[in-house]
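One structure below.
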Amino acid sequence: MASFLKMRQFALCHQKKIWHGASGCRSISNTATKTQLEFDYNGPSMKTAVPGPRSHELLKQLGDIQNVGAINFFCNYEESKGNYLVDVDGNRMLDIYTQISSIPIGYNHPALLKLMTDPNNMSAFVNRPALGILPPENFAEKLSESLLTVAPSGMTRVQTMACGSCSNENAYKAMFIWYKNKERGYSAPSEEDHNTCMVNQAPGCPDLSILSFMGGFHGRTLGCLATTHSKSIHKLDVPTFDWPIAPFPRLQYPLEEFSRENAQEEARCLEEVEDLIVKWRQKGKPVAGIVIEPIQAEGGDNHASPNFFRSLRKIAQKHDVAFHVDEVQTGGGSTGKFWAHEHWGLDDPAEIVSFSKKLLTGGYYHKDELQADKPYRIFNTWMGDPSKNLFLVEVLNVIRKENLLDRVTRSGAALLNGLYELQAQYPGILSRARGQGTFCAIDVRDDATRNNILLKARDRGVLLGGCGDRSIRFRPALIFQEYHVHLFLNIFNDVLDEFK
Ligand code: PSZ
1190 MASFLKMRQF ALCHQKKIWH GASGCRSISN TATKTQLEFD YNGPSMKTAV
1240 PGPRSHELLK QLGDIQNVGA INFFCNYEES KGNYLVDVDG NRMLDIYTQI
1290 SSIPIGYNHP ALLKLMTDPN NMSAFVNRPA LGILPPENFA EKLSESLLTV
1340 APSGMTRVQT MACGSCSNEN AYKAMFIWYK NKERGYSAPS EEDHNTCMVN
1390 QAPGCPDLSI LSFMGGFHGR TLGCLATTHS KSIHKLDVPT FDWPIAPFPR
1440 LQYPLEEFSR ENAQEEARCL EEVEDLIVKW RQKGKPVAGI VIEPIQAEGG
1490 DNHASPNFFR SLRKIAQKHD VAFHVDEVQT GGGSTGKFWA HEHWGLDDPA
1540 EIVSFSKKLL TGGYYHKDEL QADKPYRIFN TWMGDPSKNL FLVEVLNVIR
1590 KENLLDRVTR SGAALLNGLY ELQAQYPGIL SRARGQGTFC AIDVRDDATR
1640 NNILLKARDR GVLLGGCGDR SIRFRPALIF QEYHVHLFLN IFNDVLDEFK
C-alpha cells in the first residue's frame, strides 16, 4: 500500500557550528536552513563514553553465552530514528555506517511502522513459509511490486534467499549447473554423473571454478569464502577450492592526474583475467563464472572505471563464462543509481546480479538461461522471507516518492567535496578521497590512526566504519541529507584537529 510520508521544512537551523566548505573554517551561525524528515532527530547527543555502563553490563551477560569480541555497543532500536542510532546508555549517534550498509531509509521509518499495523499483513509476519514448496497466494504479486520493479535491465527472473552469502552461494551453483548443461548439450546427466557426485568425485562433481578478484568479499560460507580475499582472518584454517584469483586495479588518485597510469593498471588486470581463464582451462578446472563487486567494499572501497567493467564483461562473453555482479553492498541506491553497475552502460546485461542488505531480502536476478533445469537444485527451507518483500514495496515507494536517488547524488557530491577539502587541509592524515553517490571512502595514514579516528568520532556522536587496511567508509542511509553531511564534516574536522 502507498505510504505518504510528509516532509517538513524547518525554516531555520539553530545549529551552532556550520561547515563553511572551501575555507575549511567553522563559525557560529544561526542562519543556515535545513530540511529535515519529521522522524529524524536534530543532531547527536552524547551522555557517556561508548560503550557506556549499560552496554558493559550487557556485554558481560552475553559474553557468558557467545563470543562478543566484535560487539561495539548495545542499541535501543525503539528510540532510534531516521539517521540516528540510540544506544542503551541514551547516546544518540549520527549513523553513517547503518548496520554495515543495510538500512535503506533510516530507523523506524513511519511507512514501515504503518505496514506493521495493517491487519492484512499480520499473517506474513506470524507464519514464515517454506517458500520453495508452499508460497502464500500473493507471493508473485509482491515480487512484481517489489524486486521486479527494480530489476536490472535484461533480467526478468529473480530468486530470493535469506542473506548475501546464501544468495552468492546459490548463484555460483546456478552458474555451474548452467555451464555443465551447456557442455552436455542439455542432455540428461549420466548414471555415472549421479553415482560419482554422491562421493564427491568427477564427473558428477566437476572440477569447475569461479574467477574472483584479490581484495574481493563475497561472504564467509564455504563456496563464497573461496572467492573472498579481503582479510586473512576470514579464511584462516578453512579448506577451500583452488580457483583463479585476478588482481583488482589499484587506482591512483586524483583520477584526473593519473588517467594514463590507471588505464595501464586496468589493462594489466584485464590481461591477467584472460590469462587465468586460459590457464585454468588448461589445468582442467575451467572457469564457469566471474564474480566481482562494482566497488570492492570490505576490501577497502576499491573502484575501477566503467570501461574496465565493460571490458571484463566482454572477456566473459568471449570465453563463454557467466558474469556475476555482486551488488550485495553497492545495490539499493547509495551510489546514486539503484544498481551500481548501471553506471557502466553495459551492452549486454550480466548473467547474475546478487543483492541483500538494503534490499532487505537476499537473492539474485538472473538471465533466463541461468534458471536451474529441475526443482530442488537451487533450494533451501526458507528461500527468503515474504514479510521482507512487504517492507521492500514500501521502501521502494519512499525512494521513488522522495526522489532519494537524486538526494543521494546531492548529498554524495557534498560529502565528497567536503572530503576533498579535508584531505587538502590534513595532507599528513588523509588521502585518496573517493566515492560514487554517498558510497564514499577516504584513506588514513595508518591503521592505528584510522581506528583511533573512528573511536574519537564515535565519542562525538558519529558512527563510521573502516574497510581495507586503512580506509574509512561512509555508508549513510538514503535519507542522509546535505544538512547531515555538514553536521558530519564539522565533527570530523574537530576530530582530525586532534591528530594534527
Ligand atoms: O565481516 C563480515 O562478515 C561482513 S562485513 C560486511 C559484509 C560482511 N558484507 C557482506 C557481503 C558483501 O559486502 C558483498 C559484496 N557480498 C556478499 C556479502 C555477504 O553478505 P551477508 O553478510 O549477508 O552474508
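For the sequence shown, my numbering begins at 1190 and goes up steadily by one.
Idealized CB from N, CA, C, for every residue including glycine.
All values reported here derive from a predicted model rather than from experimental measurement.
How about residue 1598: is its Cβ closer than 8 Å to a heavy atom in the ligand PSZ? For this step, residue 1598 is matched to residue 409 along the sequence shown. It does not: the Cβ of residue 1598 is nowhere closer than 8 Å to a heavy atom of the ligand PSZ.
Residues whose Cβ lies closer than 6 Å to any heavy atom of the ligand PSZ, in chain order: 1289, 1352, 1353, 1354, 1357, 1406, 1407, 1408, 1409, 1482, 1486, 1487, 1515, 1517, 1518, 1545
Beta carbon of residue 1538 nearer than 9 Å to that of residue 1341: The residue you call residue 1538 lines up with position 349 of the sequence shown. The residue you call residue 1341 lines up with position 152 of the sequence shown. Yes, the Cβ-Cβ distance between residue 1538 and residue 1341 is below 9 Å.
Taking the continuous alpha helix (DSSP H) assigned at residue 1321, which residues delimit it? Here the question's residue 1321 lines up with position 132 in the sequence shown. Careful: residue 1321 lies outside any alpha helix (DSSP H) and carries neither H nor E.
Checking contacts by CB at 9 Å: is residue 1534 closer than that to chain D? Chain labels in this structure do not include chain D; a single protein chain is all it has.
Could you pull the start and end residues of the alpha helix (DSSP H) that residue 1518 belongs to? Along the sequence shown, one-based indexing puts residue 1518 at 329. It is not in any alpha helix (DSSP H) - residue 1518 carries neither H nor E in the DSSP assignment.
Under the rule that 16 or more other beta-carbon atoms within 10 Å means buried, what is residue 1251, buried or exposed? For the purposes of this step, residue 1251 is taken as the residue at position 62 of the sequence shown. Its Cβ having fewer than 16 others within 10 Å, residue 1251 is exposed.
Buried versus exposed, by CB contacts within 10 Å (16 or more), residue 1139: Absent from the model: residue 1139. The displayed extent of the chain is 1190 to 1689, so no value can be given.
My understanding is that residue 1522 touches residue 1593, with C-beta atoms under 8 Å, so please give their C-beta distance in whole angstroms. Within the sequence shown, numbered from 1, the residue matching residue 1522 stands at position 333. Within the sequence shown, numbered from 1, the residue matching residue 1593 stands at position 404. That belief holds up - the Cβ atoms of residue 1522 and residue 1593 are roughly 6 Å apart, short of 8 Å.
How big is the Cα-Cα spacing for residue 1674 and residue 1623? One-based indexing of the sequence shown puts residue 1674 at position 485. One-based indexing of the sequence shown puts residue 1623 at position 434. For residue 1674 and residue 1623, the distance between alpha carbons rounds to 15 Å.
What are the boundary residues of the beta strand (DSSP E) that residue 1554 is part of? On the sequence shown, position 365 is the one that residue 1554 refers to. Taken as a continuous stretch (DSSP letters only), the beta strand (DSSP E) holding residue 1554 covers 1551-1555.
Under the three-state DSSP convention, the category residue 1423 falls into: Within the sequence shown, numbered from 1, the residue matching residue 1423 stands at position 234. In this structure, residue 1423 counts as helix in the three-state DSSP scheme.
Note the first and the last residue of the continuous alpha helix (DSSP H) segment covering residue 1329. Stepping through the sequence shown from its first residue, residue 1329 is reached at position 140. Here the alpha helix (DSSP H) through residue 1329 covers 1328-1334.
Three or more C-beta pairs under 8 Å: does that hold for the stretch 1640-1656 against the stretch 1603-1610? no
What are the boundary residues of the beta strand (DSSP E) that includes residue 1398? Taking the sequence shown and counting its residues from 1, one reaches residue 1398 at position 209. Looking at the DSSP string, the run of the beta strand (DSSP E) that includes residue 1398 is 1398-1402.
Through-space distance from residue 1412 to residue 1361, alpha-carbon basis: Taking the first residue of the sequence shown as position 1, residue 1361 is located at position 172. Taking the first residue of the sequence shown as position 1, residue 1412 is located at position 223. Going by the C-alpha atoms only, they are around 8 Å apart.
Could you spell out where the alpha helix (DSSP H) holding residue 1672 opens and where it closes? Stepping through the sequence shown from its first residue, residue 1672 is reached at position 483. Here the alpha helix (DSSP H) through residue 1672 covers 1671-1686.
Can you tell me the Cβ-Cβ gap for residue 1497 and residue 1455, rounded? I've got them flagged as a contact below 8 Å. By one-based count along the sequence shown, residue 1497 stands at place 308. By one-based count along the sequence shown, residue 1455 stands at place 266. Correct: roughly 4 Å between the Cβ atoms.
At what residues does the beta strand (DSSP E) containing residue 1229 begin and finish? For the purposes of this step, residue 1229 is taken as the residue at position 40 of the sequence shown. Residue 1229 -> no beta strand (DSSP E), and no H or E assigned at all.
Might you give, ordered along the chain, the residues of its own chain that have their beta carbon closer than 7 Å to the beta carbon of residue 1566, omitting 5 neighbours on each side? By one-based count along the sequence shown, residue 1566 stands at place 377. Within the same chain, residue 1566 has close Cβ partners 1366.
Let me make sure I understand the geometry here. Which of 1595, 1432, 1484, 1584 has the alpha-carbon closest to that of residue 1468? For the purposes of this step, residue 1468 is taken as the residue at position 279 of the sequence shown. Of the candidates 1595, 1432, 1484, 1584, the one whose C-alpha sits nearest the C-alpha of residue 1468 is 1432.
Under the three-state DSSP convention, the category residue 1270 falls into: As a working mapping, residue 1270 is identified with position 81 in the sequence shown. Reduced to three states, the DSSP call for residue 1270 is strand.
Applying the criterion that 16 or more other CB atoms from any shown protein chain within 10 Å of the CB defines a buried residue, is residue 1615 buried or exposed? Here residue 1615 corresponds to residue number 426 of the sequence shown, with the count starting at 1. That one is buried.
Give a yes or no on whether the C-beta atoms belonging to residue 1548 and residue 1520 are separated by under 9 Å. Numbered from its first residue, the sequence shown carries residue 1548 at position 359. Numbered from its first residue, the sequence shown carries residue 1520 at position 331. Yes. Within cutoff.
Are the Cβ atoms of residue 1273 and residue 1233 separated by less than 9 Å? Here residue 1273 refers to the residue found at position 84 of the sequence shown. Here residue 1233 refers to the residue found at position 44 of the sequence shown. Contact flag set, yes.
Cut-off 8 Å between Cβ atoms - residues of its own chain near residue 1655, not counting five sequence neighbours on either side: Your numbering for residue 1655 matches position 466 in the sequence shown. Excluding positions up to five away in sequence, the list reads 1639, 1640, 1643, 1661, 1662.
Taking just the CA atoms, how far does residue 1652 sit from residue 1502? Along the sequence shown, read from residue 1 onward, the residue named residue 1502 stands at position 313. Along the sequence shown, read from residue 1 onward, the residue named residue 1652 stands at position 463. Cα to Cα, residue 1502 sits roughly 36 Å from residue 1652.
Within 10 Å of its beta-carbon, does residue 1460 have 16 or more other beta-carbons around it, so buried, or fewer, so exposed? Position 271 of the sequence shown, counted from the first residue, corresponds to residue 1460. Result: exposed.
I need the boundaries of the beta strand (DSSP E) containing residue 1629, first residue and last residue. On the sequence shown, position 440 is the one that residue 1629 refers to. 1628-1633 is the span of the beta strand (DSSP E), which, as asked, contains residue 1629.
Unbroken alpha helix (DSSP H) run spanning residue 1646, endpoints: Locating residue 1646 in the sequence shown gives position 457, counting from the first residue. Note, residue 1646: alpha helix (DSSP H), 1636-1648.
Pick helix, strand or coil for residue 1565, following the three-state DSSP scheme. As a working note, residue 1565 is residue 376 in the sequence shown. Coil at residue 1565, not helix or strand.
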